[in-house]
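Colleague: When the letters of the sequence shown are read in order and numbered with the working numbering, they come out as residues 462 to 601.
Glycine included, every Cβ here is placed at the ideal spot set by N, Cα and C.
In this text the structure is predicted, and so the values were computed from the model without any measurement.
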Amino acid sequence: MRHLKGFTLVELLITVAIVGIMASIAIPMYSEQISKTNRKDAQGALLEFQNAMERFYAEQSPYTYRGAGTNGDDTGSPEIFATESPLHATNKTYDLVITAANASTYTLSVVPKNAQSDDRCGTMTVDNTGQKTSDDTNCW
């Protein structure tokens, strides 16, 4: 009797099914980890931005948070810090924004964009007291 070498169709179909099941689990998990990494990077940038606002406040006379935005505006894109996150990458996933600022208070935000635009946490904010908020309560 001859011994044939190779795979049967059933063995091949089982292998394809196993690879498909593994891919259907692994790809969403990988995508969630990428989103989580981008989110944590944006949170770090937001806290660095908060430190920049505090330095700006300490250096101004009289003390003020106003004028830290583009062209000295009180809101909008910051002039004293980067306008996008991640700070040191080309694929930007968040915009850094001064949501509100006056002489004694401010609110800073990171707004998701591009690949991160449908992130469950949405816009994350921090104010001058350190209060942190986001669309989802489990993001900070």
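Are Thr536 and Ala561 closer than 8 Å when you measure CB to CB?
Modeller: On the sequence shown, residue 536 is found 75 positions in, with the first residue counted as 1. On the sequence shown, residue 561 is found 100 positions in, with the first residue counted as 1. Yes, the Cβ-Cβ distance between Thr536 and Ala561 is below 8 Å.
Colleague: Run through the DSSP bridge pairs and tell me what Thr568 is partnered with.
Modeller: Reading the sequence shown from its first residue, position 107 is the one you call residue 568. Looking at the DSSP assignment, Thr568 forms a beta bridge with Ala561 and Asp588.
Colleague: In the DSSP assignment, find the alpha helix (DSSP H) that holds Lys497 and state where it starts and stops.
Modeller: On the sequence shown, position 36 is the one that residue 497 refers to. Per DSSP, Lys497 belongs to the alpha helix (DSSP H) from Leu470 to Glu520.
Colleague: Can you give me the Cβ contacts of Lys593 inside the same chain, cut-off strictly under 6 Å, excluding the 5 residues immediately before and after it?
Modeller: Against the sequence shown, residue 593 aligns to sequence position 132. Result list for Lys593: Val587 and Trp601, in chain order.
Colleague: Classify Gly454 as helix, strand or coil using the three-state DSSP reduction.
Modeller: Not covered by the structure: residue 454. The range shown for the chain is 462 to 601.
Colleague: Assuming contact is defined by CB atoms lying nearer than 8 Å, are Asp597 and Arg581 in contact in what I supplied?
Modeller: The count along the sequence shown starts at 1 and reaches residue 597 at position 136. The count along the sequence shown starts at 1 and reaches residue 581 at position 120. A contact, by the Cβ cut-off of 8 Å.
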